[in-house]
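Colleague:
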Amino acid sequence: MGMEHPECAYNCLNSPHLRPAYVVDRVYHHFGKEVGEGKWTHRGVPEVVDSVHHTNVSFWFLVRVGAKEAEEGVSGQAIEYLLRTEILPKMRLHEFFQINIDESVKKFEELARAGASSEMLDENLPMQQDPEWRRFGCTVDFDKALKIFNRP
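In full-length UniProt numbering, the protein residues as written are 1 to 152.
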């Protein structure tokens, strides 16, 4: 039913804007499996998470115990700390909302070689979200960029 009727469910093909959320979901899923397998017990995360105290580490806990001790698993409150400092940063979610600078500069330089724009604009150049939501897939309107930055 899934591929015969893709409109019946959300997926990354028919709803590419959900791609970042899908990445987060997969990372949480794999982290949860690793927790259940005991791969994080050395960092203070028990195999069975059955208390809210296992999930959140507050700022005051870090101040009281110290970040180094928290990292070493002094308390069972290590999940939030691990997610914020190790797991989530590795996802690099910001890349879904960024431009490939090298490619964009190269394209702009190629277009600018044709000469200065006869029309000039004095405004901001907004980023355009990639409709496929790829990492570093965002772009800009290069015609507008030429009118703003490639003046006579």
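Cβ atoms here follow ideal geometry from the backbone N, Cα and C, with glycine treated the same way.
On the premise that P16 lies in contact with E132, defined as a C-beta separation below 8 Å, what is that separation, rounded to the nearest angstrom?
Modeller: Confirmed, Cβ separation roughly 5 Å.
Colleague: Excluding sequence positions up to five away, which residues of its chain have a Cβ less than 6 Å from the Cβ of L121?
Modeller: Here the set comprises K147, I148.
Colleague: Between N11 and F108, what straight-line distance do the alpha-carbon atoms span, to the nearest angstrom?
Modeller: Straight-line Cα distance between these residues: approximately 34 Å.
Colleague: Short of 8 Å in beta carbon distance, which residues of its chain neighbour I99, apart from the five on each side in sequence? Order them along the chain.
Modeller: Taken in chain order, the residues that qualify are M127, F136, C138, T139, V140.
Colleague: Residues bridged to I99 by DSSP?
Modeller: Answer by DSSP bridge pairing, in chain order: G137, C138.
Colleague: Residue range of the alpha helix (DSSP H) that A21 falls in?
Modeller: Where A21 is concerned, the enclosing alpha helix (DSSP H) stretches over 19-36.
Colleague: Roughly how many whole angstroms lie between the Cα atoms of A114 and V35?
Modeller: Taking the straight line joining both Cα atoms gives about 57 Å.
Colleague: Could you tell me if G44 is buried or exposed, where buried requires 16 or more neighbouring beta carbons within 10 angstroms of its beta carbon?
Modeller: Buried, by the Cβ-count rule.
Colleague: With distances taken Cα to Cα, identify the nearest neighbour of V24 among A9, P152, N14, M91.
Modeller: Here the closest residue by C-alpha is M91.
Colleague: Shortest alpha-carbon distance to G32 belongs to which of L18, A9, L82?
Modeller: Among L18, A9, L82, the Cα nearest to that of G32 belongs to L82.
Colleague: Quick check: the Cα distance between E49 and E37, rounded to an integer number of angstroms?
Modeller: The question names Glu, but residue 49 in the sequence shown is Val. Between V49 and E37, the C-alpha separation is close to 12 Å.
Colleague: Could you spell out the range, first to last residue, of the alpha helix (DSSP H) harbouring P89?
Modeller: Per DSSP, P89 belongs to the alpha helix (DSSP H) from 88-91.
Colleague: Taking 8 Å as the threshold (C-beta atoms), are L125 and P20 in contact?
Modeller: Not a contact, by the Cβ cut-off of 8 Å.
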